[in-house]
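Student: Numbering (UniProt numbering), first residue to last: 1 to 381.
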């Protein structure tokens with residue numbers, strides 16, 4: 001018995017900071033179960049700074065409906081919780097009623113210490129969740145991640161002075177509201193916008209695209225797919241931005257087509273306006289029947305980009321690549337302007353014939369590459 005008692009004492013006498021770290025790394029369900037270990041552990045989980053709720057909680061309440069399971073679990077934890085909440089995460093496949101989630105966010109708004117907020121609603125819910133006005137009272141937020149939500153700004157009086165990371169995934173918002181939202185985040189460094197056409201509503205305004213990037217002077221990581229790109233490129237696309245994106249290090253783009261003039265101009269605008277880029281990752285769309293814009297066919301002329309330098313670009317990855325001329329011209333431009341390029345990975349669409357693949361490789365071999373040490377890898381998906 002003595003060795004067992006000694007082992008129990010070792011667990012019970014761990015430093016509080018270490019115990020808190022251990023509990024934080026555990027699923028919240030298991031963390032609260034530790035309260036039965038001993039009297040010393042009874043209240044250790046009530047001051048966890050990180051609260052994560054997901055579908056794993058549902059296994060506790062097998063006799064209740066899904067809605068009641070989620071609500072009961074969250075309410076129980078919040079009722080027992082003491083101390084600051086630094087991170088809050090709710091990831092569920094089915095959403096309780098909006099009013100109950102509103103109450104949870106209102107409770108968090110009263111706890112002004114929340115720094116990271118993650119709300120991911122699965123596709124099992126019929127309607128997107130509209131954020132309540134109390135959400136904008138979480139003024140200490142540094143990270144926001146929303147999925148399948150609706151953002152409507154009733155006022156622009158809020159400020160997220162500390163927000164550095166913003167991720168909207170299938171979030172319904174107009175480009176005007178998005179610009180207003182970002183204007184209230186002065187130190188934003190990471191922006192992710194992923195969604196379908198129904199989620200982003202734009203207008204034919206030239207200033208929308210320019211204004212968006214004027215509000216991102218400190219941006220380091222930018223990730224977008226084709227739908228928000230279409231939203232902001234519905235008007236005239238400028239050849240250059242008034243202010244360079246000098247802090248942008250990573251550019252990730254999904255679902256764009258080199259055959260569409262607006263999308264191609266958008267890519268060129270970002271790349272040529274970001275002199276300190278280190279990584280470009282692009283996942284293209286491909287259709288053998290897609291008509292290539294004649295303007296896109298003739299858009300590339302290296303003389304027009306004589307002043308462009310990508311002296312810090314190390315990694316380039318393009319997947320679902322095809323043999324269309326604008327795509328090849330873009331790849332040649334990057335190779336010709338990137339003196340520090342180390343890795344190039346091009347994944348060809350499987351519908352491209354072997355003969356076309358050979359022609360592409362031959363074309364790339366004859367094309368000058370500014371970096372003598374670049375490793376160029378071309379493969380099939």
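Where a beta carbon is used, it is the ideal one built from N, C-alpha and C, also for glycine.
Since we're looking at a predicted model, the values are computed, not measured.
1) State yes or no: is the C-beta of residue 313 within less than 8 Å of the C-beta of residue 341?
2) Would residue 190 pass as a contact of residue 241 if the rule is Cβ separation under 8 Å?
3) Tell me the DSSP secondary structure of residue 104 in three-state form.
4) Hey, how far is the Cα of residue 351 from the Cα of residue 160?
5) To the nearest whole angstrom, what separates the beta carbons of residue 263 and residue 229, a pair I think is in contact under 8 Å?
6) Buried or exposed: where does residue 73 fall if 16 or more other Cβ atoms within 10 Å of its Cβ makes it buried?
7) What does the Cβ neighbour count give for residue 368, buried or exposed, with the cut at 16 atoms within 10 Å?
8) Where residue 395 and residue 145 are concerned, what is the direct C-alpha to C-alpha distance, given to the nearest angstrom?
9) By Cβ distance below 8 Å, which residues in the same chain neighbour residue 211 in space, the five residues on each side in sequence not counted?
10) Could you give the first and the last residue of the continuous beta strand (DSSP E) run that contains residue 319?
11) Helix, strand or coil for residue 206? Go by DSSP, reduced to three states.
12) So is residue 373 buried or exposed if we call it buried at 16+ other beta carbons inside 10 Å?
13) Which runs of the alpha helix (DSSP H), 4 residues or longer, sit entirely within the segment 221-294?
14) Using only the alpha-carbon positions, how far apart do residue 53 and residue 225 sit?
15) Along the chain, where does the beta strand (DSSP E) containing residue 342 start, and where does it finish?
16) Against chain D, with Cβ distances strictly below 8 Å, would residue 121 count as a contact?
17) What distance in whole Å lies between the Cβ atoms of residue 238 and residue 269, which are believed to be in contact at a cut-off of 8 Å?
18) With distances taken from CA atoms, which of 172, 214, 243 and 92 is nearest residue 121?
19) Along the chain, where does the alpha helix (DSSP H) that runs through residue 358 open and close?
20) Less than 8 Å between the beta carbons of residue 112 and residue 140, yes or no?
21) Please return the same chain residues whose Cβ sits closer than 6 Å to the Cβ of residue 195, not counting the five positions on each side in sequence.
22) I need the DSSP call for residue 375, collapsed to helix, strand or coil.
23) Please name the residue in 215, 326 and 135 whose C-alpha comes closest to that of residue 256.
24) Do you know offhand how far residue 77's Cα is from residue 127's?
25) Can you name, in chain order, every residue of its own chain whose Cβ lies under 6 Å from the Cβ of residue 379, other than the five neighbours on each side?
26) Quick one: is residue 362 buried, meaning 16 or more other Cβ sit within 10 Å of its Cβ, or exposed?
27) Would you kindly report the start and end of the unbroken beta strand (DSSP E) that includes residue 190?
28) Considering only their Cβ atoms, is the gap separating residue 286 from residue 349 smaller than 8 Å?
29) Check the DSSP bridge columns for residue 380 and list the partner residues they point to.
30) Nearest to residue 304 by alpha carbon, out of 316, 337 and 324?
31) Around the Cβ of residue 188, are there at least 16 other Cβ atoms within 10 angstroms (buried) or fewer (exposed)?
32) Got a sec? Which residues, its chain only, sit under 8 Å from residue 6 by beta carbon, not counting five neighbours each side?
33) Rounding to the nearest angstrom, what Cα-Cα distance links residue 246 and residue 275 in this structure?
34) Can you say whether residue 344 is buried or exposed, counting buried as having 16 or more other CB atoms within 10 angstroms of its CB?
Tutor: Short version:
1) Within the chain shown, residue 313 is the residue found at index 313, counting from 1. Within the chain shown, residue 341 is the residue found at index 341, counting from 1. Taking 8 Å as the Cβ cut-off, residue 313 and residue 341 qualify as a contacting pair.
2) Taking the chain shown and counting its residues from 1, the one referred to as residue 190 is at position 190. Taking the chain shown and counting its residues from 1, the one referred to as residue 241 is at position 241. For residue 190 and residue 241, no; Cβs fall outside 8 Å.
3) Taking the chain shown and counting its residues from 1, the one referred to as residue 104 is at position 104. In this structure, residue 104 counts as helix in the three-state DSSP scheme.
4) Within the chain shown, the letter at position 351 stands for residue 351. Within the chain shown, the letter at position 160 stands for residue 160. Spanning the two alpha carbons is a distance of roughly 47 Å.
5) As a position in the chain shown, residue 263 is number 263, starting the count at 1. As a position in the chain shown, residue 229 is number 229, starting the count at 1. 6 Å between Cβ atoms; contact.
6) Here residue 73 refers to the residue found at position 73 of the chain shown. With 16 or more Cβ atoms within 10 Å of its Cβ, residue 73 is classed as buried.
7) Position 368 of the chain shown, counted from the start, is the residue given in the question as residue 368. Exposed, since its Cβ has fewer than 16 Cβ neighbours within 10 Å.
8) Absent from the model: residue 395. The displayed extent of the chain is 1 to 381, so no value can be given.
9) Locating residue 211 in the chain shown gives position 211, counting from the first residue. Excluding residues within five positions, the ones whose Cβ falls inside 8 Å are 179.
10) Along the chain shown, read from residue 1 onward, the residue named residue 319 stands at position 319. That run of the beta strand (DSSP E) goes 315-321.
11) Walking along the chain shown from the start, residue 206 turns up at place 206. Because residue 206 carries a pLDDT of 47, less than 50, the predicted location of this residue cannot be relied on, and the following value inherits that uncertainty. Three-state DSSP puts residue 206 in a helix.
12) The residue you call residue 373 lines up with position 373 of the chain shown. The residue in question, residue 373, is exposed, as its Cβ has fewer than 16 Cβ neighbours within 10 Å.
13) 226-232 and 261-272
14) The residue you call residue 53 lines up with position 53 of the chain shown. The residue you call residue 225 lines up with position 225 of the chain shown. Straight-line Cα distance between these residues: approximately 28 Å.
15) The residue given as residue 342 occupies position 342 in the chain shown. Taken as a continuous stretch (DSSP letters only), residue 342 belongs to no beta strand (DSSP E), as it is neither H nor E.
16) Protein chain content of the structure displayed is limited to a single chain, and chain D is not contained in it.
17) What you label residue 269 is simply residue 269 of the chain shown in a count that begins at 1. What you label residue 238 is simply residue 238 of the chain shown in a count that begins at 1. Yes, residue 269 and residue 238 are in contact; Cβ-Cβ is about 7 Å, under 8 Å.
18) In the chain shown, the residue the question calls residue 121 occupies position 121. Checking every option, the nearest Cα to that of residue 121 belongs to 92.
19) On the chain shown, position 358 is the one that residue 358 refers to. Segment 354-366, the alpha helix (DSSP H) holding residue 358.
20) Translated into positions along the chain shown, residue 112 becomes position 112. Translated into positions along the chain shown, residue 140 becomes position 140. Result yes, Cβ atoms of residue 112 and residue 140 sit closer than 8 Å.
21) Within the chain shown, residue 195 is the residue found at index 195, counting from 1. Answer for residue 195: 170 and 227, listed in chain order.
22) For the purposes of this step, residue 375 is taken as residue 375 along the chain shown, with counting starting at 1. DSSP places residue 375 in strand when its eight states are reduced to three.
23) Taking the chain shown and counting its residues from 1, the one referred to as residue 256 is at position 256. Selected option, being the one with the closest Cα: 326.
24) Here residue 77 refers to the residue found at position 77 when the chain shown is read from its first residue. Here residue 127 refers to the residue found at position 127 when the chain shown is read from its first residue. The straight-line gap from Cα to Cα measures roughly 26 Å.
25) Here residue 379 corresponds to residue number 379 of the chain shown, with the count starting at 1. Same-chain partners within the cutoff: 347.
26) For the purposes of this step, residue 362 is taken as residue 362 along the chain shown, with counting starting at 1. Its Cβ having fewer than 16 others within 10 Å, residue 362 is exposed.
27) As a position in the chain shown, residue 190 is number 190, starting the count at 1. Counting along the chain, the beta strand (DSSP E) containing residue 190 begins and ends at 190-194.
28) In the chain shown, residue 349 corresponds to position 349, counting from 1. In the chain shown, residue 286 corresponds to position 286, counting from 1. A contact, by the Cβ cut-off of 8 Å.
29) Counting from 1 along the chain shown, the entry for residue 380 is found at position 380. Answer by DSSP bridge pairing, in chain order: 348.
30) Within the chain shown, the letter at position 304 stands for residue 304. Ranking the options by Cα distance to residue 304, first place goes to 337.
31) In the chain shown, counting from the first residue as 1, residue 188 sits at position 188. Label assigned to residue 188: buried.
32) Within the chain shown, the letter at position 6 stands for residue 6. Because residue 6 sits at a pLDDT of 47, beneath the cut-off of 50, its placement in the model cannot be relied upon, and the following sentence gives the value as read from the coordinates. Correct list: empty, nothing qualifies.
33) Taking the first residue of the chain shown as 1, we reach residue 246 at position 246. Taking the first residue of the chain shown as 1, we reach residue 275 at position 275. When rounded, the distance between both Cα atoms is 6 Å.
34) As a first step, residue 344 must be located in the chain shown, where it is residue number 344. Per the 10 Å Cβ criterion, buried.
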